[in-house]
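Here's the structure we're looking at; comments come further down.
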Amino acid sequence: EAIGVEAVISGEACYGACDLKEDAAEAIKADLVLHIGHTLRINRAGRRTVFVAVEDDIEFDKVIEKAVQTLKRFKKIGLYTISQHLHRLTEANKLFEDYGFEVKADRGGKLSYGQIIGCEFQSAYSIKDEVDAFVFLGQSRFHAAALALSTGKPTYMLDPYLEEVIDVTPLAEDLWKRCLLAVYKAREAERFGIIIGLREGQMKIGQAKHIKEELTKHGKKCTLIAMREISAERLNTFTWFDAFIQTACPRISIDGSGFNKPVLSIPQAYALLNLLEGKEVGDFLRIPSWV
Numbered sequence: 406e407a408i409g410v411e412a413v414i415s416g417e418a419c420y421g422a423c424d425l426k427e428d429a430a431e432a433i434k435a436d437l438v439l440h441i442g443h444t445l446r447i448n449r450a451g452r453r454t455v456f457v458a459v460e461d462d463i464e465f466d467k468v469i470e471k472a473v474q475t476l477k478r479f480k481k482i483g484l485y486t487i488s489q490h491l492h493r494l495t496e497a498n499k500l501f502e503d504y505g506f507e508v509k510a511d512r513g514g515k516l517s518y519g520q521i522i523g524c525e526f527q528s529a530y531s532i533k534d535e536v537d538a539f540v541f542l543g544q545s546r547f548h549a550a551a552l553a554l555s556t557g558k559p560t561y562m563l564d565p566y567l568e569e570v571i572d573v574t575p576l577a578e579d580l581w582k583r584c585l586l587a588v589y590k591a592r593e594a595e596r597f598g599i600i601i602g603l604r605e606g607q608m609k610i611g612q613a614k615h616i617k618e619e620l621t622k623h624g625k626k627c628t629l630i631a632m633r634e635i636s637a638e639r640l641n642t643f644t645w646f647d648a649f650i651q652t653a654c655p656r657i658s659i660d661g662s663g664f665n666k667p668v669l670s671i672p673q674a675y676a677l678l679n680l681l682e683g684k685e686v687g688d689f690l691r692i693p694s695w696v
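Under this note's numbering, the very last position in the sequence shown is 696; numbers go up by exactly one each time.
Rendered as structure tokens:
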């Protein structure tokens with residue numbers, strides 16, 4: 406307002422850099438969308454979206470000092486975080502090196518050096534065989550457990566707010582077991598709802614149609630569903646389906662609870678197809694990207 410620009414605050418939920426609001430901006434005739442807090446190595450997306458970084462001023466020196474005793478059995482560590490703490494990465498790297506650790510990180514895809522997001526880990530996956538463990542800087546089990554699942558390495562979350570050092574490997578193992586169980590349960594299903602996400606950055610129509618085609622080859626009855634909000638309450642209204650595959654956000658399936666029927670992500674869907682073809686299910690989450 407101070408510079409003569411009319412601003413409208415979005416009151417909608419925003420689940421990440423993929424969750425663009427271009428359609429809403431067009432509806433209200435906005436010229437620009439400032440997407441604050443979710444950043445990638447690219448600073449623009451769509452026709453009018455600009456990513457704006459937000460830096461948290463919390464420091465990691467105390468929790469790193471506390472972590473040294475826990476991590477001393479590892480010589481080489483991979484150091485990763487989310488966009489809010491990326492500006493602390495160089496400082497944290499030096500602190501670990503001063504304590505005698507060999508520290509590695511990388512960039513990959515749309516991710517900056519040392520960055521991961523909730524469904525993409527190319528930057529960490531590329532060095533997983535070069536390190537003994539991963540360290541995640543931040544207060545997000547959501548991201549830290551995903552780092553462990555993707556790389557298959559011991560992973561520790563360093564919470565700078567509570568100054569806690571948390572081994573998230575057990576959490577990752579629990580998530581893996583839940584995802585694996587859902588795949589095996591879905592093998593018995595006959596009628597599948599294949600969900601196309603209506604959020605702009607999560608709309609994978611081609612993937613949904615391909616999975617439908619492959620399941621149909623195995624005698625499964627499949628119907629496409631288009632949804633913006635994928636929740637247990639909404640899926641419960643589709644009483645005639647035995648299982649669902651949603652191609653929107655993989656974390657809905659991997660972290661989701663409360664679903665009465667199997668709700669598979671894209672990686673789980675391909676694991677299911679392996680089962681139906683008589684193959685091993687494989688480590689379907691140990692990949693650089695879940696989308």
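Idealized CB from N, CA, C, for every residue including glycine. Nothing here was measured: the structure is a model prediction, and the numbers come from that model.
What residue from the options has the CA that sits closest to residue i's CA?
{"i": "N665", "options": "F646, D461, P672 and G611", "result": "F646"}
{"i": "T560", "options": "Y530, V438, Y589 and A587", "result": "Y530"}
{"i": "A613", "options": "D688, G602, G606 and L425", "result": "G602"}
{"i": "A510", "options": "E502, Y504 and G519", "result": "G519"}
{"i": "Y589", "options": "R596, L681 and A538", "result": "L681"}
{"i": "E535", "options": "D436, T556 and T644", "result": "T556"}
{"i": "A676", "options": "W581, E406, I610 and K471", "result": "W581"}
{"i": "I635", "options": "S670, T621, H615 and E525", "result": "S670"}
Under the rule that 16 or more other beta-carbon atoms within 10 Å means buried, what is residue i, buried or exposed?
{"i": "R633", "result": "exposed"}
{"i": "P575", "result": "exposed"}
{"i": "K558", "result": "buried"}
{"i": "V573", "result": "buried"}
{"i": "K684", "result": "exposed"}
{"i": "H440", "result": "buried"}
{"i": "E525", "result": "buried"}
Enumerate in chain order the residues of its own chain whose CB-to-CB distance from residue i is below 7 Å, with the five nearest sequence positions on each side excluded.
{"i": "H548", "result": "I487, I521, G523 and F541"}
{"i": "I433", "result": "V413"}
{"i": "G663", "result": "A637"}
Measure the Cβ-Cβ separation of residue i and residue j and say whether it is below 8 Å.
{"i": "I482", "j": "L476", "result": "yes"}
{"i": "D579", "j": "I571", "result": "no"}
{"i": "C627", "j": "F597", "result": "yes"}
{"i": "I463", "j": "Y566", "result": "yes"}
{"i": "L552", "j": "Y504", "result": "no"}
Spatial neighbours of residue i within its chain, please: C-beta separation below 6 Å, excluding the five flanking residues on both sides.
{"i": "Q607", "result": "C423, A653 and C654"}
{"i": "E619", "result": "L678"}
{"i": "T444", "result": "F456, A458 and S488"}
Whole angstroms is fine: what's the gap from residue i's alpha carbon to residue j's?
{"i": "R583", "j": "A450", "result": "34 Å"}
{"i": "G611", "j": "E502", "result": "46 Å"}
Identify, in the order they occur along the chain, each residue of the same chain with its Cβ nearer than 8 Å to the Cβ of residue i, setting aside the five sequence neighbours on each side.
{"i": "F506", "result": "L476, F479, K480, K481 and I482"}
{"i": "P672", "result": "P655, F689, L690, I692 and W695"}
{"i": "N389", "result": "Nothing can be reported for residue 389: it is not among the residues displayed for the chain, which extend from 406 to 696."}
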